[in-house]
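Data block below; observations after.
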Amino acid sequence: MSISHARRHRDRIWETLLTVGIVWWAIQVPWQLEFGESRRIWWLIIENLLTLLFAADVWLRWQKRWAKQRPPPTNGALFEQPESAWWLLADVPAAIPLWWFGGPLWLIALRLTKLPRLVQMMRNWRRRDLRNAGRLRLIFFLFWMSLISHWIACGWSALRDRVPGDDDGLHYLRALYWTITTLATVGYGDITPDNATQMAYAIMTMMFGVGLFGYAIGNVAHMLANIDQVQAHYNASLDRLATFMRYRHIPLELQQRIYEYYSFLWERHLGYDEVLILSELPEPLRIEIAMAMKREFIEKVPFFQGASPQLIREIAVELRPVLIRPGEYVFRAGEIGRHIYFISAGTVEVISGDGQTVLATLTEGEFFGEIALLLHRPRSACVRAVDFCDLYSLDKATFERILAFFPDFSAHIQEEARRRQQSR
Ligand code: CMP
Numbered sequence: 362m363s364i365s366h367a368r369r370h371r372d373r374i375w376e377t378l379l380t381v382g383i384v385w386w387a388i389q390v391p392w393q394l395e396f397g398e399s400r401r402i403w404w405l406i407i408e409n410l411l412t413l414l415f416a417a418d419v420w421l422r423w424q425k426r427w428a429k430q431r432p433p434p435t436n437g438a439l440f441e442q443p444e445s446a447w448w449l450l451a452d453v454p455a456a457i458p459l460w461w462f463g464g465p466l467w468l469i470a471l472r473l474t475k476l477p478r479l480v481q482m483m484r485n486w487r488r489r490d491l492r493n494a495g496r497l498r499l500i501f502f503l504f505w506m507s508l509i510s511h512w513i514a515c516g517w518s519a520l521r522d523r524v525p526g527d528d529d530g531l532h533y534l535r536a537l538y539w540t541i542t543t544l545a546t547v548g549y550g551d552i553t554p555d556n557a558t559q560m561a562y563a564i565m566t567m568m569f570g571v572g573l574f575g576y577a578i579g580n581v582a583h584m585l586a587n588i589d590q591v592q593a594h595y596n597a598s599l600d601r602l603a604t605f606m607r608y609r610h611i612p613l614e615l616q617q618r619i620y621e622y623y624s625f626l627w628e629r630h631l632g633y634d635e636v637l638i639l640s641e642l643p644e645p646l647r648i649e650i651a652m653a654m655k656r657e658f659i660e661k662v663p664f665f666q667g668a669s670p671q672l673i674r675e676i677a678v679e680l681r682p683v684l685i686r687p688g689e690y691v692f693r694a695g696e697i698g699r700h701i702y703f704i705s706a707g708t709v710e711v712i713s714g715d716g717q718t719v720l721a722t723l724t725e726g727e728f729f730g731e732i733a734l735l736l737h738r739p740r741s742a743c744v745r746a747v748d749f750c751d752l753y754s755l756d757k758a759t760f761e762r763i764l765a766f767f768p769d770f771s772a773h774i775q776e777e778a779r780r781r782q783q784s785r
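Heads up: the sequence shown begins at 362 in my numbering, then just goes up one per residue.
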């Protein structure tokens, strides 16, 4: 597992823990305000652990923020902006261990200052998991609906007198029943407000319910329709491709390889043609997006770590993604060289022209195909993918232009080319 992969994995686990903690409090705070704190020992243990978790979170975020504020040793600083300090301040109240101070019960409401963090994490999940963005949106919507119903129900419980014989659970259940019928604009009228405060509360709940209902009708249908939009886009391009290949009598074996390529493309890139999408954007935006998309890759290439931001910008916009399946040749010896390639993921083998010897194995962060471009000669060797490879290519004209402008880059590539030629 690469370092960035491991870091991402760790971040996910941390976010999951935080989510559990925040949701716990979002449910517990209104409940405890109405029905009192729980005195059960394991309940207290959980709550103290969660406070520790929140405190650790504040600590980690401060550290991250400081790390980002130091002068940029790498080009990573080009991409990441430090978080605003306000975010962190909002996190602090939720991390105060209240049981140390005693104090009034309403102080537990401080735990809710962590809620915006949940909103932020949800937004990030949707961005990260684009393929399920529609589904996630629906799930999050249902989650917030349930949570808000719970809050309103707790409020109603507080306003109502208890029906004789009801315990906490039943009292709450009646309130929840009233909340749902009111929010859903069903309004059976079997539980009605008894005084002015309750009436005002009911009016607000109804108004909120009407708004929510309108929103839900408009959006849920739309969300459901959109869930499979990406999949539909993919199916449509496959259909078009299939028709074309049949019409052109493409050999079956080749058809099979093209399908496999497409499903690979789908796995990695959701089937979107990034070149096409980028070409429709204005230049400055295109550069920003190219930088953001290729950030992970650029971080992997050792040479780019010390390179100037201008060079990285130049290269990032011009790099074109190329996907190669295991066993396929990127090019063969003797062909005319038109591109230089950088490896973003996967491994390739450099094989001698006669196909007998493996001259080298190149992997993540390395490049190949420079010799033909520099010396204006045919390819000196074949290059074949060992596993699924994500490459980025730079065409000859751009490569030469960049060499002319950036002497460091030029020297680095020439040096590597010389070393490789001598090693044969
Ligand atoms: P080019 O000649 O354009 O095409 C084949 C590429 O394989 C070549 O550029 C180099 O990038 C790469 N290559 C050739 N020989 C070696 C080697 N010994 N070690 C690593 N890479 C090599």
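The beta-carbon is built from N, C-alpha and C at its ideal position, and this holds for glycine as well.
- In the displayed model, ALA597 falls within a helix according to three-state DSSP.
- At least one heavy atom of ligand 1 sits closer than 6 Å to the Cβ of ARG781.
- Here the alpha carbon of ALA651 sits roughly 5 Å from the alpha carbon of VAL678.
- In the DSSP assignment, VAL691 falls outside any alpha helix (DSSP H) and lies within the beta strand (DSSP E) extending over 690-692.
- Secondary structure note for ARG489: its alpha helix (DSSP H) is the uninterrupted segment 476-489.
- Spatial neighbours of PRO391 in its own chain (CB-CB distance under 6 Å, excluding positions within 5 residues in sequence) are listed in chain order as TRP512, CYS515.
- In this structure, the C-beta of LEU503 stays at least 6 Å away from each heavy atom of ligand 1.
- In the DSSP assignment, GLU710 is bridged to THR722, ARG745.
- According to the DSSP assignment, ASP751 belongs to the beta strand (DSSP E) that extends over 750-756.
- The beta carbons of ALA742 and ALA694 sit about 5 Å from each other, so the pair counts as a contact at 8 Å.
- When DSSP states are grouped into helix, strand and coil, VAL662 belongs to the coil group.
- Taking one beta carbon from each stretch, the region 702-715 and the region 744-752 have 3 or more pairs nearer than 8 Å; the two touch.
- Beta-bridge annotation (DSSP): ARG674 is not paired with any residue.
- The region 633-657 is shown to contain whole alpha helix (DSSP H) runs of 4 or more residues at 635-640, in chain order.
- Residue range 681-685 is occupied by the beta strand (DSSP E) that includes PRO682.
- Taking a contact as a CB-CB distance under 8 Å, the pair PHE415 and GLY463 does not count as one, their CB atoms being some 19 Å apart.
- Here ILE611 carries a coil assignment [DSSP, helix/strand/coil].
- For HIS737, the secondary structure class from DSSP, reduced to helix, strand or coil, is coil.
- Cβ-Cβ separation between LEU637 and LYS655: approximately 17 Å, too far for a contact (criterion under 8 Å).
- Set against 6 Å, the gap from the CB of VAL683 to the closest heavy atom of ligand 1 is not smaller.
- Bounds of any alpha helix (DSSP H) do not take in GLY548, whose DSSP letter is neither H nor E.
- In this structure, GLU731 has its beta carbon less than 6 Å from a heavy atom of ligand 1.
- Rounded to whole angstroms, the separation of the alpha carbons of ARG674 and ASP769 is 15 Å.
- Here VAL571 is exposed: its Cβ has fewer than 16 other Cβ atoms, across all protein chains shown, within 10 Å.
- Here VAL744 is near PHE729, since their CB atoms are less than 7 Å apart.
- Using a cutoff of 6 Å, the CB of LEU735 does not count as near ligand 1, since none of the ligand's heavy atoms is closer than that.
- Assignment of beta-bridge partners to PHE504 by DSSP yields no partner.
- Within the same chain, Cβ atoms closer than 8 Å to the Cβ of LEU642 are found at ILE650, the five residues on either side in sequence being excluded.
- Counting along the chain, SER771 sits inside the alpha helix (DSSP H) bounded by residues 768-783.
- Taken through DSSP and simplified to helix, strand or coil, SER399 comes out as coil.
- Residues of the same chain with their beta carbon placed closer than 6 Å to that of ILE676 are lacking, with the five preceding and five following residues left out of the count.
- Nearest C-alpha to THR380 among TRP447, LEU421, MET482: MET482.
- Linking TYR533 to ASP527 through their CA atoms gives a straight-line distance of about 9 Å.
- When C-beta atoms of the region 403-421 are compared with those of the region 496-510, fewer than three pairs fall below 8 Å, so the two segments do not count as touching.
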